[in-house]
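This is the structure:
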């Protein structure tokens with residue numbers, strides 16, 4: 001055990017290089033910074049959506065009501081007087097305003113006759129960013145709400161004793177979400193949006209951990225072979241299996257540490273992108289009541305699935321690493337492993353695996369890494385059996401790959417494997 | 427004098443390819459024994475089998491009375507191996523590298539401390555041991571590795587081309603260290619292309635070619651037998667094809 005710890009300490013020291021730490025920290029800080037920036041910008045755009053208005057029907061009741069309604073819907077209105085359309089547009093561009101609205105001269109009268117005049121609406125496009133599009137959608141949303149208010153007024157005026165709401169929306173959906181034997185009176189879009197946003201980062205992190213860990217261990221072995229330090233180690237009084245296990249443990253530890261840093265950075269990024277996406281207390285309670293939360297047992301199973309999955313990836317990389325002669329060969333040899341992780345990553349992100357054809361479905365199930373990605377969805381739905389079976393299946397592969405890796409490390413193959421590529425040196 | 431190493435009829439195959447077909451020799455306590463031969467003669471393979479890195483396909487290797495096939499764990503405690511052109515861990519300092527290797531060869535912290543002190547002294551790298559090995563020159567790395575190879579006072583040190591690629595000064599320092607360690611009782615088995623080095627260092631040599639030992643003896647015995655000025659001439663005459671072999 002003492003010698004295993006000596007080997008593990010060396011592995012961690014060798015892996016924790018400036019080249020590993022610096023990009024890790026920079027990426028995490030960047031994610032954090034971009035997330036915060038996005039959050040601030042979105043809040044800023046919420047508060048300051050400036051719109052210029054030329055009111056050619058100044059003094060009329062309807063035009064004043066229109067401007068008042070726009071103001072109440074997050075728009076900052078600047079009234080332009082004595083300006084031509086061209087001059088006003090120039091000013092809007094100069095001030096980087098979201099839009100220029102021109103209320104026609106006979107606006108009030110046209111509404112009263114039931115033939116409303118068109119309102120000119122100029123939107124200067126100057127960028128296609130998320131915050132930019134949010135600015136325009138705020139204006140569109142405000143116009144829609146204002147339109148709705150006017151419509152209600154007109155209905156109330158035209159048809160006495162009528163309920164404008166019933167006339168506008170005669171079909172009233174009463175939406176229920178059903179999860180297992182539980183149900184809640186809420187829109188499924190709201191629940192799905194919130195849950196998927198909260199869990200979006202899980203497969204990305206899983207993918208990154210697996211790829212990072214495998215690249216690390218394959219590079220570590222390639223480095224040792226290239227430097228011939230592996231030959232020295234293999235002749236030292238230490239069990240060969242301890243050398244292999246220390247490599248797996250070292251790479252696993254660093255990969256977990258890296259993913260922790262990424263999780264923090266990525267979460268902040270996602271939160272910033274979605275403007276915090278904080279659920280109201282009511283939605284949070286409904287999500288809880290529906291059982292759409294991960295319990296401590298679920299987290300333990302997800303952790304176990306990820307842990308066994310990482311070990312499978314490490315064992316495969318250990319075998320692949322034995323084939324590599326130098327660091328340059330690592331990327332090429334770990335490509336098959338990356339494909340095995342990418343397939344379930346993308347499929348589970350975009351598709352319901354159960355809706356695939358049986359052949360494709362079982363092909364996905366046959367990949368040990370699929371079960372890590374499927375575990376999150378199953379655990380949300382409290383389907384524990386498939387998760388447990390998935391872990392057992394991964395464990396089976398782990399035993400097979402560790403057996404092969406141990407065989408390679410305890411034989412001449414770890415030194416001579418390159419001979420298979422026709423480069424003999426005796 | 428007792429034999430520290432005894433090799434009898436050693437064979438090593440890589441699949442169908444016979445890298446070493448028949449190698450036998452002994453190394454005595456405190457003796458420096460050299461294997462010389464052209465590229466691909468089987469020197470490195472022989473050293474790798476004796477160091478336990480590769481399994482043997484036939485024959486017998488006995489080190490300090492222990493059989494390499496049955497007692498490999500015990501043997502690894504009493505031998506050390508320095509591969510040709512090997513490096514050190516680039517992210518470790520010289521001190522950290524010596525400490526890491528010392529902890530693998532020792533059973534107690536006290537023993538590890540002793541090994542590290544010895545390694546530092548032999549390497550002669552002084553304050554540079556505090557720097558990462560990635561900043562070392564080739565000569566410095568070789569000195570560090572030699573320090574590592576002999577710090578645990580092995581009964582047998584196996585050195586594959588110990589001065590390969592080094593400048594004259596560094597090579598001389600390493601040769602002196604090897605001689606000094608042998609005088610202190612350590613047996614050394616080495617391989618080299620450099621005949622002058624072999625003549626200066628070795629007590630006895632074996633000439634190996636095509637996986638077989640062709641000649642063995644002290645440098646002076648061999649020079650006398652082949653009426654040669656130096657080992658280079660002996661080597662040439664031993665491995666040179668005889669007229670009847672030339673078609």
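Chains as they are written, first to last, in the numbering used here: chain A, 1 to 426; chain B, 427 to 673. In this text, a Cβ means the ideal position worked out from N, Cα and C, and glycines have one as well.
With DSSP as the reference, label residue i as helix, strand or coil.
i: residue 640(B); result: strand
i: residue 491(B); result: coil
i: residue 448(B); result: strand
i: residue 671(B); result: Summary for residue 671(B): the model assigns pLDDT 49, below 50, so the residue's position carries little reliability; its value from the coordinates is reported in the next sentence. In the structure shown, residue 671(B) sits in a helix (DSSP, three-state: H, G or I).
i: residue 292(A); result: coil
i: residue 167(A); result: helix
i: residue 361(A); result: helix
i: residue 407(A); result: helix
i: residue 201(A); result: helix
i: residue 499(B); result: helix
i: residue 39(A); result: helix
i: residue 377(A); result: helix
i: residue 106(A); result: coil
i: residue 425(A); result: With a pLDDT of 43 at residue 425(A), under the threshold of 50, the modelled position of this residue cannot be trusted, and the question is left open.
i: residue 419(A); result: The pLDDT assigned to residue 419(A) is 37, lower than 50, so where the model puts this residue is not dependable; a value taken from the coordinates is nonetheless given after this. Looking at residue 419(A) - three-state DSSP - the assignment turns out to be helix.
i: residue 52(A); result: strand
i: residue 263(A); result: helix
i: residue 541(B); result: helix
i: residue 269(A); result: helix
i: residue 442(B); result: coil
i: residue 350(A); result: helix
i: residue 507(B); result: strand
i: residue 146(A); result: helix
For the putative contact between residue i and residue j, defined by C-beta atoms under 8 Å, what is the C-beta separation to the nearest angstrom?
i: residue 569(B); j: residue 551(B); result: 6 Å
i: residue 430(B); j: residue 449(B); result: With a Cβ gap of about 17 Å, residue 430(B) and residue 449(B) do not count as contacting.
i: residue 52(A); j: residue 92(A); result: 5 Å
i: residue 548(B); j: residue 573(B); result: 4 Å
i: residue 338(A); j: residue 211(A); result: 6 Å
i: residue 312(A); j: residue 401(A); result: 6 Å
i: residue 387(A); j: residue 207(A); result: Their Cβ separation, rounded to whole angstroms, is 18 Å, which puts residue 387(A) and residue 207(A) out of contact at 8 Å.
i: residue 674(B); j: residue 472(B); result: In the structure displayed, chain B extends from 427 to 673; residue 674(B) sits before or after that span and is not available.
i: residue 448(A); j: residue 193(A); result: With chain A covering 1 to 426 only, the question about residue 448(A) has no answer from this structure.
i: residue 462(B); j: residue 433(B); result: No, residue 462(B) and residue 433(B) are not in contact; Cβ-Cβ is about 16 Å, not under 8 Å.
i: residue 251(A); j: residue 5(A); result: Between residue 5(A) and residue 251(A) the Cβ distance is about 16 Å, and since that is not below 8 Å, they are no contact.
i: residue 75(A); j: residue 49(A); result: 5 Å
i: residue 79(A); j: residue 89(A); result: Actually they are not in contact, since the Cβ atoms of residue 79(A) and residue 89(A) sit about 15 Å apart, beyond 8 Å.
i: residue 226(A); j: residue 330(A); result: About 10 Å separates the two Cβ atoms, so there is no contact after all.
Could you tell me which chain A residues have their CB closer than 7 Å to the CB of residue i, listed as they occur along the chain?
i: residue 537(B); result: The contacting residues do not exist; residue 537(B) stays about 12 Å from chain A at best.
So residue i contacts chain B; which residues on that side make the cut at Cβ distance below 7 Å?
i: residue 234(A); result: 479
i: residue 179(A); result: None at all; the shortest Cβ gap to chain B is about 50 Å.
i: residue 228(A); result: 509, 511, 512, 513
i: residue 6(A); result: 526, 529, 530
i: residue 17(A); result: 517
i: residue 3(A); result: 530
Which bits of chain B does residue i rub up against, with CB to CB less than 8 Å?
i: residue 435(A); result: The first residue shown for chain A is 1 and the last is 426, placing residue 435(A) beyond what the model contains.
i: residue 10(A); result: 515, 518, 526
Going by DSSP, name the residue or residues bridged to residue i.
i: residue 64(A); result: For residue 64(A), which the question treats as bridged, DSSP gives no partner whatsoever.
i: residue 634(B); result: 639(B)
i: residue 32(A); result: In DSSP, residue 32(A) forms no bridge with anything.
i: residue 429(B); result: 454(B)
i: residue 562(B); result: Residue 562(B) pairs with nothing; no bridge assigned.
i: residue 196(A); result: DSSP lists no partner for residue 196(A).
i: residue 586(B); result: 617(B)
i: residue 306(A); result: According to DSSP, residue 306(A) bridges with nothing at all.
i: residue 460(B); result: 616(B), 631(B)
i: residue 183(A); result: 178(A)
i: residue 482(B); result: None; residue 482(B) has no bridge partner.
i: residue 78(A); result: 52(A)
i: residue 99(A); result: 51(A)
Show which residues of chain B have a CB atom less than 9 Å away from the CB atom of residue i.
i: residue 14(A); result: 515, 516, 517, 518
i: residue 27(A); result: Chain B residues near residue 27(A): none, gap ~21 Å exceeds 9 Å.
i: residue 325(A); result: In chain order: nothing, as chain B lies at least about 14 Å away.
i: residue 41(A); result: Here the premise fails: no neighbours, minimum Cβ distance about 41 Å.
Would you list, in chain order, the members of the stretch 475–490 of chain B that have their beta-carbon closer than 7 Å to a beta-carbon of chain A? 477, 478, 479, 480, 481
Any C-beta of chain B within less than 8 Å: which residues of the stretch 246–271 of chain A qualify? none
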